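All residue numbers for the sequence shown refer to the numbering used here, where the first residue is 1 and numbers rise by one. Working notes for the structure below.
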Amino acid sequence: MNYKIAVFPGDGVGPEVINEGMKVVDKIAELDNFAVKWAKYPHNAESYLEKKELLDQKTLEEIRNSCKAVYMGPLGDPKVGRDVLEEGIIQPIRSFFDQYANLRPVRLLPGIESPVAGKSQEHIDFTIIRENTEDFYVGIHGRANGKDSFKHRFQSALYPLRVELGLSTNKGVELAYQMGVLSRKGSERIIRYAFDYARAKGRKKVTAIHKENTMDSYSLWREVFEETARNYGDVEKELQSVNAVMALFLMSPEKYNVIVAPNMFGEIISNLGAVIQGGFGLSASASINPEGISMFQPMHGSAPNFAGRKIVNPIAAVWSASLMLDSLGQQKGAALAMRAIDSVLKEGKCRTQDLGGLNSTAEMGDAIVNKIIDLHE
C-alpha cells in the first residue's frame, strides 16, 4: 500500500515537531511494509510575507488528486494576523475537503500529572467530536453603526445560504454581530459519526452538548441527537448543557466516553480537555472527512520564541500522526505509535523541558522511534 501525504510544516516550532512525526510514520511504514511519500507545501506566515500568497484552488485540487491525507504544523507569526492564516490556509482545507468532524482525544498519558487533583489515567480518557463547519463560525459577522444593510453568502458541501440583514440604531451607536447556523443535515452527520466512532472504539456512551435553555437554535441539535440515538440502542445516550460539562470536566472527567458538540462549544471544551490532560504540548487533533481527505495537526501553537531552540515536546505531533495512520487504515501502526509514547513516558528516561527534563525535540522523537522498534511484532 502506498500513501502520499501533503505536509504543511507550519511556522515557528512547527517544522521541528512535524519532522519528528514524519520520522515516526516512516519507521512504522518500514516495519509494516507500506510506503509513504511526503509532498511538502511551503504555505505559512513566511511565504505569505514574502509572496502575499495563501492557499489557492489549484493547490487544493492538486492535493485532492494525489494525496490521501494532510499533515499540518502549527501556524502563526506575530507579523501576520492569525485570521489571515486561519482563513487563508486552514479554513480552505477544511471547507474544500468537507472535513466536518473535528476529533480531539483527551487521555492522561503515563507519567503525566493532571492539574485536576486526585485524577489519574483511569479517570481521564475520552474523545471530543466537534462539528467543524457550522454554528457561529460560518462567517456571517460584521459591525454596524447607525443604519446599515449587509448581505452574506455561505456555501457548504450541504447547502448554499444567503443572508440579508438590515440593522438600524440611533446614530453613533456601533454594534457587532455574529450569526450561528445549524442545519439538520449538518447536525445529523456529526452525531451519527460520534455514535459510529463510539461503536468502533468500544465506547459505551455518547454525550451531546447543548445550551437550549438560552439559545433556541440548539433545540434542533437536541431533536436530531434524540432521533439519531434511536438507531444505536447498544450505546448509552446523554444530553448535557455546556455549563454542566465545564464543571464536570474538572470534578468527574471519568463520566465521559465520547462527547459530541456544536462548533463553538466543541472548541471551548476541547481546550479545557487539553489542559486537564497535561497541556497543549500533549494534545492531538484531526479534522475528519470519513469518506475523503482528512487533516491532522497538534493543538499547540507555533511558539515563535522557541523556534530553533529544539526543546519543544513533539508528542502532540506524533499523536496526530498516529490518528492519521488510524484514518488511513493502518490501525496496527497507529496503536504501536501510542504504545511507544506511553512506554517512553512511563520509563521517564527521556523528558523535554515542559515535562521537567532536558532532552531535545529530536531526542524525544528518537526515543519514540526506538521504542517502536522494540515493541514491533
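Glycine included, each C-beta is placed from N, C-alpha and C at the ideal position. The model shown is predicted, which means the values in this text are computed figures rather than measured ones.
Does the Cβ-Cβ distance between Phe154 and Gly166 come in under 9 Å?
No.
Under the three-state reduction of DSSP, which class applies to Tyr159: helix, strand or coil?
If DSSP states are grouped into helix, strand and coil, Tyr159 belongs with coil.
Applying the 10 Å Cβ sphere with the 16-neighbour rule, what's the burial state of Met324?
Buried: at least 16 other Cβ atoms inside 10 Å.
Assuming the contact rule is C-beta atoms closer than 8 Å, Val36 and Val25 should be a hit. Round their C-beta distance to whole Å, please.
The C-beta distance from Val36 to Val25 rounds to 6 Å, short enough to fall under 8 Å.
Pick helix, strand or coil for Met338, following the three-state DSSP scheme.
In the three-state DSSP reduction, Met338 falls in the helix class (H, G or I).
Considering Cα atoms alone, identify which of Val70, Ile128 and Ile368 is closest to Val242.
Nearest to Val242 by C-alpha distance, out of Val70, Ile128 and Ile368, is Ile128.
Could you pull the start and end residues of the beta strand (DSSP E) that Ile209 belongs to?
Unbroken beta strand (DSSP E) run through Ile209: Lys205 to His210.
Contact under 9 Å by Cβ, Ser217 with Val181
Taking the C-beta atoms as reference points, Val181 is found nearer than 9 Å to Ser217.
Count the C-beta pairs between the stretch 266-279 and the stretch 42-53 that are closer than 8 Å, then say yes if the count reaches three, no if not.
Contact between the stretch 266-279 and the stretch 42-53 is absent, because fewer than three Cβ pairs lie under 8 Å.
Taking 9 Å as the cut-off, decide whether the C-beta atoms of Gly278 and Glu113 are in contact.
Taking a C-beta distance under 9 Å as the contact criterion, Gly278 and Glu113 qualify as a contact pair.
Would you kindly check if the distance between the Cβ of Arg130 and the Cβ of Val260 is under 9 Å?
Arg130 is positioned such that its CB atom lies closer than 9 Å to that of Val260.
Neighbour-count burial assignment, Leu358, 16 or more Cβ in a 10 Å radius:
Under this definition Leu358 is an exposed residue.
Helix, strand or coil at Met72 [DSSP, three-state]:
Here Met72 sits in strand by DSSP.
Would you call the stretch 349-363 and the stretch 49-67 touching, i.e. three or more CB-CB distances under 8 Å?
Result no; under three Cβ-Cβ pairs closer than 8 Å.
Can you give the beta carbon distance from Trp38 to Ile90, rounded, assuming they're within the 8 Å contact cut?
Contact doesn't hold; Cβ gap of about 19 Å is too wide.
Could you give the DSSP three-state label for Leu108: helix, strand or coil?
Coil.
Just mark His210 as buried or exposed, buried being the case when its beta carbon has 16 or more other beta carbons within 10 Å.
So His210 counts as buried.
When the Cα atoms are used, what is the spatial distance from Gly356 to Ala335?
The alpha-carbon atoms of Gly356 and Ala335 are separated by roughly 26 Å.
Just curious, the beta strand (DSSP E) that Phe296 is in, first and last residue?
Looking at the DSSP string, the run of the beta strand (DSSP E) that includes Phe296 is Ser294 to Pro298.
Counted within 10 angstroms of its Cβ, other Cβ atoms place Arg230 as buried (16 or more) or exposed:
Exposed, since its Cβ has fewer than 16 Cβ neighbours within 10 Å.
Between the Cα of Ser187 and those of Leu49, Leu220, Asp11 and Lys201, spot the shortest distance and give me the residue it belongs to.
Nearest of Leu49, Leu220, Asp11 and Lys201 to Ser187, Cα basis: Leu220.
Rounded separation between Arg189 and Phe195 - CA only
So the two alpha carbons sit approximately 10 Å from each other.
Only counting the same chain, and skipping five residues up and downstream in sequence, which positions put a Cβ closer than 6 Å to that of Phe280?
The answer, listed in chain order, is Ala274, Met299 and His300.
Contacting residues, own chain, Cβ-Cβ under 8 Å from Asn213 (five flanking each side not counted):
Cβ neighbours of Asn213 beyond the five flanking positions: Ser241.
Could you check the C-alpha separation between Thr380 and Ser47 for me, to the nearest Å?
Here the chain has residues from 1 to 377 only, and residue 380 is not among them.
Are three or more beta carbon pairs between the stretch 137-151 and the stretch 95-103 nearer than 8 Å?
Taking 8 Å as the limit for Cβ pairs, the verdict is that the stretch 95-103 does not touch the stretch 137-151.
Identify every residue that forms a DSSP beta bridge with Trp38.
Its beta-bridge partners are Ile5.
In chain order, what residues of the same chain lie with their CB nearer than 6 Å to the CB of Phe225, ignoring the 5 residues before and after it?
Answer for Phe225: Ile191 and Ala208, listed in chain order.
Less than 9 Å between the C-beta atoms of Ile373 and Leu345, yes or no?
At a Cβ-Cβ threshold of 9 Å, Ile373 and Leu345 do not count as neighbours.
Endpoints, the alpha helix (DSSP H) within which Arg189 is located:
Start and end: Arg184 to Ala200.
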